[in-house]
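Before any comments, here is the structure.
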Amino acid sequence: MPIAQELPYETLSRILEFVTEDFEHDEEFPDFHDLRSASLVARAWRAPAQKMLLTNHLSHTTDALEQRWIPLCRTLGLNRARLITVEAENAAEQLRLLTQKNMSYEHVEIWESHPEIDALERYVFAVPVVVDPALLKGVRRLEVDAEIVYDRPPSDNAPSSLESLVLHANRFPYASFLQPLLQTAPRLTRLELVWPRPVWASVWASYSYSLSLSSSITQRLRAIAPQLTQLSLSLPPPPRRSPPSKHSAELTPCDFLSFCTSLRALTLIFLSIDDSAMFLSSVTSRLTLLEIGTYMPLTAEETETLLAMLELPAMAELKRWRVCRQSSDTVLGAFPRDEQWREWEQACRARGIEPRGAERFFTD
């Protein structure tokens, strides 16, 4: 453990990603819990390791936040948190406490506290989380995996600091929350839309690549599309259980991608190669980075589709291209380096593109 204090910033960041991504599964993966506990009591660690670890808050209770984490940060002279991860039902209370203690935060994750509830039950019985809009002022990255509503309209239309937004479509925020959030986000350049995976195998056939949203939300998403430079689409949407109402509008990935005229980086997760090619054909801008995480095997037919993608207008200025096996947000690894893989690699390098599997890119 003492060796970790000498690690570079990028490596420490990756360690924290592992710790915070899997905190809900402490019983299944006890090492994550042990790693975090050990790191937080390593008082002898020097900056930036000590500061970086302590400014990532993860707590299920407000008491732990007030009695342990805030006093520890105060002891070390820290008043800014890098990452705040809170349960939806405690979100408003914990964020309000941080504000009262003059603790600022730049990355907030609000997640549903009952993930085991079936999606249909959630639609019927879910109670929205009420949040004061002032509590999210100054946040640069926001991830919402809960149904959220503002307790009152924002007091002003001052531009927010929001740069990155992650939305989970199975618990989409209310229009009264999302619309004012998007209206005052001129710095927002990164958007991630995460759709849930179907629970029942029979549901696959009823999937369609569209999302039924209110007309105002659809218009607002289309309005911010031109300012986006990074977009991530993960998983198909839930099956449509009823026809869309007259107050809703269908938003398809192809439709949305056509509005993203400044896009430079695109990530497509848990899609087939054919679907990825279909979405990519709707991109009107010139990409420099493309990442495809697919659950399908890389056959000769899929390889032909990958090679055909190189001819699309969006690929004219591509510098880096990742293709790997991925399920949901979990990278399963690289494809076997067989004949199909080598053929794709050679085609990429012939055009000056860096091909990668699950490994890190060498170039910036």
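Residue numbers for the sequence shown follow my numbering, beginning at 4 and rising by one. From the three backbone atoms N, C-alpha and C, an ideal C-beta is built for every residue, glycine too. On a predicted model such as this, the values are computed, not experimentally measured, just so you know.
Contacting residues, own chain, Cβ-Cβ under 6 Å from residue i (five flanking each side not counted)
i: arginine 368; result: Because the chain spans 4 through 367 in this model, residue 368 falls outside it and cannot be assessed.
i: isoleucine 395; result: This structure leaves residue 395 out entirely; the chain is present only between 4 and 367.
i: valine 169; result: Glu146, Glu195
i: isoleucine 272; result: Ser237, Gly296, Gln329
i: lysine 104; result: Ile73
i: alanine 280; result: Thr308, Met312
Which of helix, strand or coil DSSP assigns to residue i
i: arginine 325; result: strand
i: arginine 85; result: coil
i: isoleucine 356; result: coil
i: leucine 68; result: helix
i: leucine 254; result: strand
i: threonine 221; result: helix
i: serine 279; result: helix
i: phenylalanine 259; result: helix
i: alanine 226; result: helix
i: glutamate 96; result: helix
i: leucine 309; result: helix
i: proline 74; result: helix
i: glutamate 314; result: coil
i: glutamate 304; result: helix
Beta-carbon proximity check, residue i vs residue j, cutoff 8 Å
i: valine 152; j: alanine 95; result: no
i: glutamate 112; j: arginine 143; result: no
i: lysine 322; j: leucine 283; result: no
i: leucine 310; j: cysteine 263; result: no
i: serine 288; j: alanine 317; result: yes
i: threonine 221; j: leucine 254; result: yes
Contacts around residue i, its chain only, beta-carbon distance under 7 Å, and the 5 residues preceding and following it disregarded
i: glutamine 97; result: Thr65, Leu68, Val89
i: leucine 274; result: Thr297
i: alanine 149; result: Ala91, Ile113, Trp114, Glu115, Val132, Arg174
i: glutamate 348; result: Pro358
Residues near residue i by beta carbon distance below 8 Å, same chain, minus five either side
i: arginine 99; result: Asp135, Leu138
i: alanine 161; result: Thr187
i: glutamine 230; result: Pro189, Leu191, Thr192, Ser265
i: glutamate 346; result: Thr306, Leu310
i: threonine 302; result: Gln343
Which residues DSSP lists as bridging residue i, in chain order
i: tyrosine 108; result: Ala84
i: tryptophan 347; result: Paired residue(s): none; tryptophan 347 is not in a bridge.
i: alanine 268; result: Gln233, Leu292
i: threonine 297; result: Arg328
i: glutamate 342; result: Answer is none; glutamate 342 lacks a bridge partner.
i: glutamate 90; result: Trp114
Any chain B beta carbon closer than 8 Å to residue i
i: leucine 68; result: Absent from the structure: chain B. Only one protein chain is present.
May I have a chain-ordered list of the alpha helix (DSSP H) segments no shorter than 4 residues that lie completely inside the stretch 133-203? 178-186
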